[in-house]
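These notes are about the structure you will find just below.
Residue numbers (this note's numbering), protein chains in the order written: chain W, 1 to 279; chain F, 1001 to 1124.
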């Protein structure tokens, strides 16, 4: 067996005759924090849910902690953390009651961590879950998914509703989890600057396909926008071409070399790259 | 010393490269002295809220290149003997100058005019 915490092998998924996941190959190993970046409807949520067995893929295989995610036993399930886009459940419970019930399913639950995070997110244990704001619910969902230090943490737009300070502190927790507990994290987001801070790796998803998967540092070093005035005079065969535009192209595999016929080479932030890929 | 460093995650440059360049500049410019201790990777990562892996990569490069020294069980320090090169200070400006030259060319400014502009601004 490999050490992979999550592995997709040639995965396809079709919904209503639309191919929503195309040829997905992706491996997440301990210590990796993978940022999943894509437009709404690009397939991010489907990708994440298929790792939880909530969606069955049509072809290819998914291995979650080495097993088929639709057949995870309780032991393995208790090593996976998941925060969905919309936190749900526990209406009618106070935060305290909800956490007591939730934690009873996890033998590795860390009470100290729970108390720290309640304080940090300024959650009052006596408050009723249904009266919480969206951001507070998200914070509670994060505590519920992380206080047992899961081996694999799957987050679907986890921090969109958190304020910037809570977001930063949450990121530090992710580092602790990935580096100290050797967990793997995959999270989807629109906020490119969050990925740039937290992620070790980035997967760019477009139309159900992973267009680019790389270490973040490596991506910034090897992806460039090149512009030229005469398309026919440019030879880009040494590179992966991610997108072409009028008199410009987005390439991967750049190693500081001179490229004949190119007027200008520019580096891109993740946001710029994201926009350029959809141009 | 961290207050002298400015990390911009949303730049086209990888974070490890930004840290590397700025720490070299601080050493060459004498803002941090030989023997001075660096905060731990973890502290640096927390300070900037960036992944410790990228900080560790920058520190590792600086150690490999001789700017920093790491001894077992001790904090990382600025090396007593800096890598030999009298040109270090100048080569560090290349990237900024290259950008300036590119902008000058786009504006049709000649090298003489550019030199003139630099001399004028230098005096201010």
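No residue lacks a Cβ here, since even glycine has one placed at the ideal position from N, Cα and C. As the structure is a computational prediction, the values presented were derived from the model and not from experiment.
Candidates the options: which alpha carbon is nearest residue i's?
i, options, result
"residue 186 of chain W", "W:174, W:78, W:180", "W:174"
"residue 272 of chain W", "W:19, W:191, W:111", "W:191"
"residue 117 of chain W", "W:140, W:129, W:126, W:101", "W:140"
"residue 181 of chain W", "W:160, W:48, W:253, W:79", "W:79"
"residue 1073 of chain F", "F:1080, F:1040, F:1054, F:1017", "F:1040"
"residue 73 of chain W", "W:61, W:85, W:53, W:59", "W:53"
"residue 284 of chain W", "W:171, W:95, W:240, W:22", "Since the displayed chain W opens at 1 and closes at 279, residue 284 of chain W lies outside it and no answer follows."
"residue 209 of chain W", "W:3, W:42, W:5", "W:42"
"residue 148 of chain W", "W:76, W:206, W:84", "W:76"
"residue 183 of chain W", "W:12, W:9, W:100, W:33", "W:33"
"residue 200 of chain W", "F:1044, F:1051, F:1078", "F:1051"
"residue 37 of chain W", "W:157, W:134, W:90, W:23", "W:157"
"residue 10 of chain W", "W:23, W:142, W:3", "W:23"
"residue 85 of chain W", "W:207, W:93, W:145, W:57", "W:145"
"residue 1075 of chain F", "F:1023, F:1059, F:1090, F:1092", "F:1059"
"residue 61 of chain W", "W:246, W:143, W:27", "W:27"
"residue 198 of chain W", "W:71, W:270, W:87, W:66", "W:270"
"residue 89 of chain W", "W:163, W:128, W:238, W:17", "W:128"
Taking DSSP's pairing of strands, which residues face residue i in a bridge?
i, result
"residue 1013 of chain F", "Beta-bridge pairing links residue 1013 of chain F to no other residue."
"residue 128 of chain W", "W:94"
"residue 278 of chain W", "For residue 278 of chain W, which the question treats as bridged, DSSP gives no partner whatsoever."
"residue 213 of chain W", "W:203"
"residue 1069 of chain F", "F:1077"
"residue 1037 of chain F", "F:1077"
What does residue i touch in chain W if you count any residue whose Cβ is under 9 Å from its own?
i, result
"residue 1039 of chain F", "The premise fails here: residue 1039 of chain F is roughly 15 Å from chain W at the closest Cβ pair, so nothing lies under 9 Å."
"residue 1051 of chain F", "33, 171, 174, 175, 178, 179, 197, 198, 199, 200, 216"
"residue 1054 of chain F", "200, 216, 217"
Would you kindly report the start and end of the unbroken beta strand (DSSP E) that includes residue i?
i, result
"residue 226 of chain W", "223-227"
"residue 244 of chain W", "240-245"
"residue 265 of chain W", "264-267"
"residue 249 of chain W", "248-252"
"residue 80 of chain W", "80-83"
Starting from the beta carbon of residue i, find every residue of chain W whose beta carbon is closer than 8 Å, and list them in chain order.
i, result
"residue 1119 of chain F", "Ordered by position in chain W, no residue passes the 8 Å Cβ test against residue 1119 of chain F, which lies about 28 Å from the chain."
"residue 1046 of chain F", "172"
"residue 1091 of chain F", "The premise fails here: residue 1091 of chain F is roughly 15 Å from chain W at the closest Cβ pair, so nothing lies under 8 Å."
"residue 1057 of chain F", "217"
I want to check one thing, is the minimum distance from the CB of residue i to the heavy atoms of the ligand NAP below 6 Å?
i, result
"residue 128 of chain W", "Inclusion of the ligand NAP in the displayed structure is not the case, the ligand content being empty and no account of it being possible."
Can you name the residues of chain F whose CB is closer than 9 Å to the CB of residue i?
i, result
"residue 271 of chain W", "1010"
"residue 120 of chain W", "Under the 9 Å cutoff, chain F gives no residues; its nearest Cβ is about 14 Å from residue 120 of chain W."
"residue 193 of chain W", "1009, 1010"
Identify the contact partners of residue i in chain F, using a Cβ-Cβ distance below 8 Å as the criterion.
i, result
"residue 268 of chain W", "1012"
Name the chain F residues whose beta carbon is nearer than 7 Å to that of residue i?
i, result
"residue 220 of chain W", "1012, 1013, 1014"
"residue 168 of chain W", "1049"
Output the boundary residues of the alpha helix (DSSP H) element that contains residue i.
i, result
"residue 114 of chain W", "111-120"
"residue 1052 of chain F", "1052-1064"
"residue 1041 of chain F", "1041-1048"
"residue 1098 of chain F", "1094-1107"
"residue 135 of chain W", "134-146"
Write down every uninterrupted run of the beta strand (DSSP E) in the segment 3-66 of chain W whose length is 3 residues or greater and which is fully enclosed by it, in chain order.
Assignment of beta strand (DSSP E) within the segment 3-66 of chain W, counting only whole runs of 3 or more residues, yields 6-15, 18-28, 33-38, 59-64 in chain order.
Segments assigned alpha helix (DSSP H), at least 4 residues, entirely inside the segment 150-207 of chain W:
Taking only runs of at least 4 residues, the alpha helix (DSSP H) segments lying wholly in the segment 150-207 of chain W are 164-175, 192-198.
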